[in-house]
Amino acid sequence: MKKIYFAITIMLLAAIPTGVMALDLSNIRLNGFVSQGYLDSSKNNYLDLASKDGTFQLNEAGITISAQATDKLRIGFQLLSRDLGPEGNNNFVLDWGFADYRINNALGARAGKIKMPMGLYNEGRDSDMLRDMVFLPQSIYKESWRSFMGAAQGASLYGNVDLGGLGDVEYQALLGEVNIDVSSVYLIQEGIIGGIEENGLVVNKLNFKCDNAFAASLVMNTALNGLRLGFSYLDVQGVFDGQLNSFGGTAFPAVLEPFTVEAELKDKYVLSAEYLHQYLSLRTEYMQARNNIRINGHPVLGTNDMVVDTAEGYFVMATVPTFTDALKLSALYDVYYSNKNHKGDTQTGEGYRKDIAIGLRYDVLNNWIIKAEYHDIEGTAPFLVNYNDDPLEKDWSYVVAKTTFLF
Amino acid sequence: MKKTLSILTMTLIVMSQIASASEIIFITAKGNPIDSVSTSDLKKIYLGKIAYWDNGLLIRPFLQKDTATTNTLIEEYVEMSPYQYSQYWRKAVFTGKGKPPFEVRNEDLMKKMVGTLEGTIGYISADALDSSVKELKVD
């Protein structure tokens, strides 16, 4: 399968004309945005190690350049800088960048770093102005996992198929690899390395090699204007190769043997429905995903399942104009279970999370947006423990505000 | 005086309603062999879902910036609100998945661009049609 996608990549590269460097400047688009937010949580830290004191470590800036190289070939890329608590730290990275060869109206192919289709909103998650609330519903679009689910390097096929009176279907299938800088992902540092080092061991190196990333989606634009129905599937598998440094100050040969941690976000599927009518929007999605993280046969670490479960989540969200069309009020109910068979512990709040939120979005100008919202939360899943040294509180809340400028 | 103001206000309201529901006609370059386009294809063209004419030529759609005719196009043919249409193309641009229609400032520029380039499609108010472009019949 990978060979087929590799062949697509080669064909796309061959399709780039030698005169691309001499593109007419009027054919090149330049867009960009800057977002800055403020997050303040009560009782528990959230997405930042000090959000209980309020944090401005919540921003994004992006520059997008694209050009129609030939009638069938379009190329483009986006550079993104972001900061979210301990992640990002405003280093610019290639968010996406690919060549897009549109063969005909029903079929096209892309090669490069491509945003992964998952649910209806994953592809646009780096652009604050595309959504009505500051964060996408966390049951399905976990901020902590953004690096694993954002984009993959590889090739994809896509297109639009007319269904006559029933509407049309957009399809995408993407095969590639997720390339992660381990040092930039807080949950790897805290979850995997921190988990091992709790036993007095020291991890002196850790690399990630993605074995496989596959994402596919079908979105039906139904005959009822404004109603979209979607199904998407995501599977990301990889291995962390690591080595311990020492044990009790002495480096025993067995300790120094390399260890591997298998990580799988497997069989994640999302069912989606969205209805847009003028300024009213109704959205709901449901997902299940198998999450496996396992340390494999090391003389000291042994074989250890760090995470094995099938998570479940869903949300419903409504947005309506308030007073003026530019001011929109959103209400969200978002539910997540780490293990769909246990539904969590309602005494401690472990293993689940229920988020009731209300938010405002004000489009001050066509290119200036302000958002503010309040989230009332029960439960501590997922990963809240990684941001807090103190015991977790079951009932907590946060407020977040963000402003975005774009061109 | 009050009566005059009332009549003036009513006239302005009626005129603005006429303008917002203004009839538009679709145009293309004279050299384009396409003579007609369906309403369903119009919607797909302005959403970027159809990229090529039946003869394989790249479709180059044009949009007028902030005009009543543009509102008519978006609301009656694309069947979205202007806000939804703007969000649709923002998503396409910032994820790399599409390129929005070219924007022009007025009808004269629309006719000039559509009449000059290959594979174009645009729209103007009915009374602005002249021999520099070809009218596309809507099925």
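Which chain is which? The protein sequence lines are Z and H, in order. Numbered as in the working numbering, the first sequence ends at 408 without a single skipped number. Numbered as in the working numbering, the second sequence ends at 123 without a single skipped number. The beta-carbon is built from N, C-alpha and C at its ideal position, and this holds for glycine as well.
Legend entry - Contact with chain H by Q69 (chain Z), beta-carbon distance below 8 Å: Position 68 of the first sequence, counted from the start, is the residue given in the question as residue 69 (chain Z). Yes, contact with chain H.
Legend entry - Residue from Z:K73, Z:N213, Z:L202 and Z:V271 whose Cα sits closest to the Cα of S233 (chain Z): Here residue 233 (chain Z) corresponds to residue number 232 of the first sequence, with the count starting at 1. With distances taken between Cα atoms, S233 (chain Z) lies closest to Z:V271.
Inset, instruction - Check whether the Cβ of A5 (chain H) lies closer than 8 Å to any Cβ atom in chain Z. - result: Indexing the second sequence from 1 puts residue 5 (chain H) at position 21. With a pLDDT of only 48 at A5 (chain H), under the threshold of 50, the placement of this residue in the model should not be trusted; the figure read from the coordinates follows. Chain Z, which has no Cβ nearer than 8 Å to the Cβ of A5 (chain H), makes this no.
Inset, instruction - Taking only the alpha-carbon atoms, compute the straight-line gap between F86 (chain H) and V98 (chain H) and give it to the nearest angstrom. - result: Working through the second sequence from its first residue, we reach residue 86 (chain H) at position 102. Working through the second sequence from its first residue, we reach residue 98 (chain H) at position 114. Looking at the backbone, the Cα of F86 (chain H) and that of V98 (chain H) are separated by about 10 Å.
Legend entry - For S109 (chain H), the nearest candidate out of H:D92, H:D123 and H:G103 (CA to CA): Numbered from its first residue, the second sequence carries residue 109 (chain H) at position 125. Nearest of H:D92, H:D123 and H:G103 to S109 (chain H), Cα basis: H:D92.
Inset, instruction - With a threshold of 16 other CB atoms inside 10 Å of the CB of Q412 (chain Z), please say whether the residue is buried or exposed. - result: A question about residue 412 (chain Z) goes unanswered here, because the residues of chain Z that appear run from 2 up to 408.
Legend entry - Residue environment, P392 (chain Z), which counts as buried when at least 16 other CB atoms sit within 10 Å: Locating residue 392 (chain Z) in the first sequence gives position 391, counting from the first residue. With fewer than 16 other beta carbons inside 10 angstroms of its own, P392 (chain Z) counts as exposed.
Inset, instruction - Identify which residue in Z:M288, Z:R75 and Z:K44 has its Cα closest to the Cα of N28 (chain Z). - result: Taking the first sequence and counting its residues from 1, the one referred to as residue 28 (chain Z) is at position 27. Closest by alpha carbon: Z:R75.
Legend entry - chain H contacts made by the segment 90 to 119 of chain Z, where a contact means CB separation under 7 Å: Only W97, F99, R103, N105, N106 and K116 from the segment 90 to 119 of chain Z bring a Cβ to less than 7 Å from some Cβ of chain H.
Legend entry - Chain-ordered residues of the segment 259 to 284 of chain Z with a beta carbon less than 7 Å from chain H: Of all residues in the segment 259 to 284 of chain Z, L277, Q279 and Y280 have a Cβ within less than 7 Å of some Cβ in chain H.
Inset, instruction - Would you kindly report the start and end of the unbroken beta strand (DSSP E) that includes M307 (chain Z)? - result: The residue you call residue 307 (chain Z) lines up with position 306 of the first sequence. Residues G303 to T323.
Inset, instruction - Name, in chain order, the residues that DSSP records as bridge partners for L85 (chain Z). - result: Position 84 of the first sequence, counted from the start, is the residue given in the question as residue 85 (chain Z). Under the DSSP definition of a beta bridge, L85 (chain Z) partners with Z:L59 and Z:E88.
Inset, instruction - Keeping to the same chain, check which residues put their C-beta closer than 6 Å to that of N90 (chain H); ignore five residues upstream and five downstream. - result: Counted from its first residue, the second sequence places residue 90 (chain H) at position 106. The beta carbon of N90 (chain H) sits closer than 6 Å to no other beta carbon from its chain once the five residues preceding and following it are set aside.
Legend entry - Beta bridge counterpart(s) of H299 (chain Z) as assigned by DSSP: Start at 1 with the first residue of the first sequence, and residue 299 (chain Z) comes out as number 298. In DSSP, H299 (chain Z) forms a bridge with Z:G303.
Legend entry - Ranges of the beta strand (DSSP E) found wholly within the segment 110 to 192 of chain Z, counting only runs of at least 3: As far as the segment 110 to 192 of chain Z is concerned, its whole beta strand (DSSP E) runs of at least 3 residues are 152 to 163 and 168 to 178.
Legend entry - Identity of the residue in Z:L48, Z:K341 and Z:L330 nearest Y353 (chain Z) by Cα: On the first sequence, position 352 is the one that residue 353 (chain Z) refers to. Comparing Cα-Cα distances from Y353 (chain Z) to each of Z:L48, Z:K341 and Z:L330, the minimum goes to Z:K341.
Legend entry - Proximal residues to L26 (chain Z) (C-beta, below 8 Å), its chain only, five neighbours per side dropped: Within the first sequence, residue 26 (chain Z) is the residue found at index 25, counting from 1. With a pLDDT of 49 at L26 (chain Z), under the threshold of 50, the predicted position of this residue should be treated as unreliable, though the coordinate-derived value follows. Cβ contact annotation for L26 (chain Z) (same chain, cutoff 8 Å, sequence separation greater than five): none.
Inset, instruction - Would you identify the three-state DSSP class for Q289 (chain Z), choosing helix, strand or coil? - result: Translated into positions along the first sequence, residue 289 (chain Z) becomes position 288. Here DSSP, grouped into helix, strand and coil, assigns Q289 (chain Z) to strand.
Inset, instruction - Please list the segments of the beta strand (DSSP E) lying wholly inside the segment 204 to 267 of chain Z, counting only runs of 3 or more residues, in order along the chain. - result: Whole beta strand (DSSP E) segments, 3+ residues: 228 to 248.
Legend entry - Buried/exposed call for L164 (chain Z), threshold 16 Cβ in 10 Å: Position 163 of the first sequence holds residue 164 (chain Z). L164 (chain Z) should be labelled exposed.
Inset, instruction - To the nearest angstrom, report how far apart K267 (chain Z) and V237 (chain Z) are at their CA atoms. - result: The count along the first sequence starts at 1 and reaches residue 267 (chain Z) at position 266. The count along the first sequence starts at 1 and reaches residue 237 (chain Z) at position 236. Note on geometry: alpha-carbon atoms of K267 (chain Z) and V237 (chain Z) lie some 6 Å from one another.
Legend entry - A35 (chain H) classed as buried or exposed, judged by whether at least 16 other C-beta atoms fall within 10 angstroms: By one-based count along the second sequence, residue 35 (chain H) stands at place 51. By the 10 Å Cβ count, A35 (chain H) comes out buried.
Inset, instruction - Have a look at H:S22, H:V77, H:G106 and H:S70 and flag the residue whose alpha-carbon is nearest the alpha-carbon of Q279 (chain Z). - result: Mapped onto the first sequence, residue 279 (chain Z) falls at position 278. It is H:S70 whose Cα lies nearest to the Cα of Q279 (chain Z).
Legend entry - Straight-line Cα distance separating L31 (chain H) from S185 (chain Z): One-based indexing of the first sequence puts residue 185 (chain Z) at position 184. One-based indexing of the second sequence puts residue 31 (chain H) at position 47. Cα-Cα distance, rounded: 37 Å.
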